[in-house]
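Structure first, commentary second.
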Amino acid sequence: MATAVQQQPYRGGSGYVARSSSSGLYDVLELILDKGLVIDVFVRVSLIGIEILTIDARIVIASVDTYLRFAEAVNRLDLMENKDSQGLPDMMDSLTSGGASSKTKGVLQGAKEALFGDEEEDEEDKDEDDGDERAGRRRTASSTTTKRRRRSAASGSGSGSGRRSKS
Amino acid sequence: MPEQATKPRYVYGVVRGHGKAPAVKGIAGAPLELVDAGEVAALTSVAPGSYLEAGREDLLTHSRVLEATLEQGTVLPMRFGVVVPDDETLRGRLLEGHREELLAQLAEMDGKVEFALKGLYDEEAILRELVSHDREIGYLKNEIAGKSEAATYYERIRLGELIAAAFAARQEEDAAKVVEELRPHAVAVRVGDPIHERMAVNASFLVERAGLPKFDRAVDAIGRREAARIRFRVTGPLPPHSFVELEAVV
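Here the protein sequences line up with chains U and P, keeping their order. So in my numbering, spot 133 of the first sequence is number 128, and the numbers just go up one at a time. So in my numbering, spot 36 of the second sequence is number 47, and the numbers just go up one at a time.
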C-alpha cells in the first residue's frame, strides 16, 4: 500500500452544493454509529452523553406542541415579507447553525456554510446567544418547546448509551 | 509489530493482509496496528481497557483513521465501538470466521467510495410552498391571522397538523426525486430516514472513483435547480459504511 496522500479528484465547484471531504462529526455520526461491519459477540463501547444527542434528537412530529410550532411558523410568514431572518421562528431550531443566518445572506452563500453545526458542544451556547438576540422580543412558545425537547433528548441519551453499550 | 495477543483491541476496519497501517494515531493516542490473518487483516489499536467509554474525540478518531486508510486502499469500515478481548477472538470471530465474505466485499469495494448526501429545506421557502399549494392550509392561515392565540387554539393545532402532513408528503416526494436522479451515477444507494426536522433527503451513494465527476456534476445540477428551497451537503469520499455487512455468526 502506498503511503502517499492522494489528492481528491474533482469536487464540483458550482457553489450550489456544500462539500466536505474531511468530515465534521455531524456528517459522519450517523454513519459510524449505525453503519458498518459489526459482529454480535463483540463489545460495543458506551458513549458519553452529548454525542448521542444528534441521533436521539430525531423529531417526533405528532404532538400538539409541534403542531402549534408549525402553525406559528406559518403565521409568521407574512411578518417576514419585509424583514430579515430575525423574524424566523426557531421552529426548526435545531442542530443547525447555518439555518437562520443564511436567510440574510442568500441561498448561495448559505449553501457554502455548513448545514450542520460543526461543533455540537457549542449548541447550548448558541441557544443562549439566540435568547440574547431576541431579548427585546417576546419569548415564544416555540423556543421554550425546543429547549424542553433538547433537554429531554439529552437526558434520554443515558438510556441510549446503555442500549448501545452492547450489541 | 509488538505482540499484543492478550490485550483488548479497538477495531476500525478490515483491509487486505500484508499491508501497512496508516501513520495516524488511534483511539487514546495508541498507534495503529494490523492484525493479519493471511489475506485479510484488521486495522486496530490497543484499547485502554476492555470496556471503553467513548466521547466526541473517539468518534472523530474512528472516522479519521478510516479516512486515512481509505487513501491507501480499500477498507471495510467497522461500526464505531467494536472492541475485542484478544487477538485470538479477533482472528477467529472476524478474520477467519468471515474470510470469504470479507474478501468478496473487499473486491467489491475496490475503487469505490461512499458519498453522504444531505439536503435541508430552507424553512421559509418550504413553508410558503406548503401554504400556497394546499387550499385548506391557506384558508386556515387566513382564518387565524390577526386573532388571539386563545381564540384560535384548535385551529392552530389543525393548521400545524396539516402542515406536518403536507411536509412529510413533500419530503418523501423530493427525496425520491433526488435519489432517482443520482441513482444512474452510483453503483448502489442507501436511503436513510431524515434525521432532522427540516431534512429533505438523507442518502448514501456508492460511487466508482472513475465516475466521480459525473456524480458530482449531477449533484451540482440538482443543487442549482433546488437552490431556492433545498441546500445540499455532500460528504466524502468516505469508506463504504453504508454498503458493508456481515452475515450473523451462526
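The C-beta atom is built at its ideal place from N, Cα and C for all residues, glycine as well.
For P/Ala186, the secondary structure class from DSSP, reduced to helix, strand or coil, is helix. Contact note: P/Val255 reaches chain U through Lys30, Gly31, Leu32, using a C-beta cutoff of 9 Å and chain order. Taking the Cα positions, U/Val23 is about 13 Å away from P/Asp69. DSSP places P/Asp231 inside the alpha helix (DSSP H), whose first and last residues are 223 to 236. Where P/Phe126 is concerned, the enclosing beta strand (DSSP E) starts and stops at 123 to 132.
By the neighbour-count criterion, in which 16 or more other beta carbons inside 10 Å mark a residue as buried, P/Ser159 falls on the exposed side. By the C-beta criterion, the segment 239 to 248 of chain P is judged to be in contact with the segment 126 to 137 of chain P, since at least 3 inter-stretch pairs fall below 8 Å. The C-beta distance from P/Tyr21 to P/Leu87 rounds to 16 Å, too long to fall under 8 Å, and the pair is not in contact.
Distance from the Cα of P/Val142 is smallest, within the candidate group P/Glu172, P/Glu119, P/Ala229, P/Pro33, for P/Glu172. Residue pairing by DSSP puts P/Asp47 in a beta bridge opposite P/Ala52.
Close CB contacts of P/Arg209 within its chain, under the 7 Å cut and outside five residues either way in sequence, are with Leu131, Tyr132, Glu134 (chain order).
Here P/Leu113 is not near P/Val46, since their CB atoms are 7 Å or more apart.
Between P/Leu101 and U/Ile34, the C-beta spacing is not below 7 Å.
Contact between P/Pro250 and P/Leu71 is ruled out by a C-beta separation of about 15 Å, above the 8 Å threshold. Taking 7 Å as the cut-off, the Cβ atoms of U/Tyr11 and P/Arg201 do not count as close.
For P/Met120, no pairing in a beta bridge is given by DSSP. Among the residues of chain U, those whose CB is under 7 Å from the CB of P/Met89 are Gly31, Leu32, Val33, following chain order.
Beta-bridge annotation (DSSP): P/Ala199 is paired with P/Leu217. Interface flag for P/Asp98 against chain U is unset, since no Cβ pair is found closer than 7 Å. The beta-carbon of U/Ser15 is placed less than 7 Å from the nearest beta-carbon of chain P. Each residue's CA atom was taken as its position, placing P/Pro59 and P/Gln116 some 30 Å apart. Among the CB atoms of chain U, none fall inside 7 Å of the CB of P/Thr17. Between the beta-carbon of U/Val59 and that of P/Lys152 there is about 18 Å, and that puts the pair past the 8 Å contact cut. At a Cβ-Cβ threshold of 7 Å, U/Leu26 and P/Val255 do not count as neighbours. For the 7 Å CB-CB criterion, P/Phe226 and P/His207 do not form a contact. Positions of the alpha helix (DSSP H) runs, each at least 4 residues long and wholly inside the segment 139 to 165 of chain P, are given as 146 to 155 in order along the chain. In the DSSP assignment, P/Ala34 falls outside any beta strand (DSSP E), carrying neither H nor E. Distances from the alpha-carbon of U/Asp29 to those of P/His144, P/Arg90, P/Gly30 put P/Arg90 closest. Burial is judged here by how many other beta carbons sit within 10 angstroms of a residue's own beta carbon; P/Lys31 has fewer than 16 and is exposed.
Classified as exposed, P/Asp204 has fewer than 16 neighbouring CB atoms from the shown chains inside 10 Å of its CB. For P/Arg75, there is no enclosing beta strand (DSSP E); the residue is part of the alpha helix (DSSP H) that begins and ends at 67 to 83.
Contact between P/Val76 and P/Gly103 fails: their C-beta atoms lie close to 23 Å from each other, not under 8 Å. 7 Å or more divides the Cβ of P/Ala186 from the Cβ of P/Val218. One Cα belongs to P/Ala175, the other to P/Ala79, and the distance between them is close to 42 Å. If you draw a straight line from the Cα of P/Leu138 to the Cα of P/Gly122, it is about 42 Å long.
Contact residues of the segment 113 to 138 of chain P toward chain U are Ala127, Lys129, Leu131, Asp133, Glu134, Glu135, Leu138 (C-beta to C-beta distance below 7 Å).
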